[in-house]
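Accompanying notes for the structure given below.
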Amino acid sequence: MRSFLKYLAKNDIKAIAPDKIELAKMPSRQIAFLEGSDLERLLGAPLTPQTSTSLRDKAMLELFFSTGLRVSELTNLKKDDINLKKDEFTVKGKGGKWRVVFLSNQAKYWLAKYLEARRDFNPFIFIPLDRAHNQRDKKKMKDKDWEKLTPRSVQRLIKRYSKMAGITKNITPHVLRHSYATDLLQNGADIRSVQEMLGHSSITTTQIYTHVTNKGLAEVFKNFHGKK
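To convert, take the position in the sequence shown, counting from 1, and add 22; that gives the working numbering.
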């Protein structure tokens, strides 16, 4: 609107001055995230009972919280992408950009346990195990022929486990990504480092987490200001 009014003024067409236009303020974006007992209950939900499928889902949840992966990044992961003897691996994100993400001890433990239980040649990490036995001929299969969990199926799994955990919020893979970033910031990580670990091209995107840094600043003020 302001650009159009400037154009009119430039061409000597009478109109209201651009600086008289007041733009409506956009409401600040609220993000959902899990912490504390809610997070613990969700991470523990797949383990009753313990089956190959529950091991897969436990490994998936731990990996989400350890790395902050997008759901598409997680579903595209192959066994060869991760060396469990190391604490980090690289992942290809939006725009074909590569970044380093880090594995917690819990994520490494459950990934190892899950992969040890696998009895198939499928190169992808997170797959529909009930159909894995139908895809055993490695030599004849191409990448596009192997089945893997879809982003939608992962969303459904997370929704199911959040209900099992008694969580009333709408939990999605992106909520786990928010939880990862929030946890880092609450424990002292700087926002630039979090930007890099999330794979954000702009710091503006990462600034949705200012609710965390603002809360942290308030705590610093309360604990240290005016103390003698």
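C-beta atoms are modelled at their ideal positions from N, C-alpha and C, and glycine is treated no differently.
- For Leu151 versus Ser74, is the C-beta distance shorter than 8 angstroms? yes
- Could you tell me if Pro68 is buried or exposed, where buried requires 16 or more neighbouring beta carbons within 10 angstroms of its beta carbon? buried
- Message: Would you call the stretch 106–118 in contact with the stretch 168–185, where contact means no fewer than 3 C-beta pairs closer than 8 angstroms?
- Response: At 8 angstroms Cβ cutoff, the stretches do not touch.
- Query: Is DSSP giving Trp168 helix, strand or coil here?
  - Reply: coil
- Message: Quick check: what's the CA-CA separation for Leu85 versus Lys181?
- Response: Answer to the nearest angstrom: the Cα atoms are 17 angstroms apart.
- Query: Quick one: what's Glu5 bridged to in DSSP?
  - Reply: Given a span of 23 to 250 for the chain in the structure shown, any question on residue 5 remains unanswerable.
- Query: Does DSSP put Phe55 in a helix, a strand or coil?
  - Reply: coil
- Query: Val113 to His200, Cα distance in whole Å?
  - Reply: 18 angstroms
- Query: Between Ile225 and Arg141, what straight-line distance do the alpha-carbon atoms span, to the nearest angstrom?
  - Reply: Here the alpha carbons of Arg141 and Ile225 stand approximately 43 angstroms from one another.
- Determine the DSSP secondary structure at Phe86, reduced to helix, strand or coil. helix
- Task: Kindly indicate the opening and closing residues of the alpha helix (DSSP H) around Thr70.
- Result: Careful: Thr70 lies outside any alpha helix (DSSP H) and carries neither H nor E.
- Ends of the alpha helix (DSSP H) at Gln217? First-last of the alpha helix (DSSP H) with Gln217: 213–220.
- Could you check which residue in Leu220, Thr227, Gln229, Thr228 has the C-alpha nearest to that of Ser88? Leu220
- Could you tell me the distance, in whole angstroms, from the CA atom of Asn33 to the CA atom of Ala203? 49 angstroms
- Query: How is the alpha helix (DSSP H) around Ala203 delimited, first residue to last?
  - Reply: 195–208
- Message: According to DSSP, is Lys185 part of a helix, a strand, or is it coil?
- Response: helix
- Please determine, among Lys80, Leu106, Phe111, the residue with the shortest C-alpha to C-alpha distance to Glu95. Phe111
- Presumed contact (8 angstroms Cβ cut-off) between Leu83 and Leu64, rounded CB distance: 7 angstroms
- Contact set for Gly66: own chain, Cβ-Cβ below 7 angstroms, skip 5 residues either direction: none
- Just reading off the alpha helix (DSSP H) that Leu96 is part of, what are its end residues? 93–97
- Could you pull out every residue in the same chain whose Cβ sits closer than 8 angstroms to the Cβ of Ser223, ignoring the five residues on either side in sequence? Lys116, Gly117, Lys119
- Query: In terms of residue numbering, what span does the alpha helix (DSSP H) encompassing Ile225 cover?
  - Reply: 225–228
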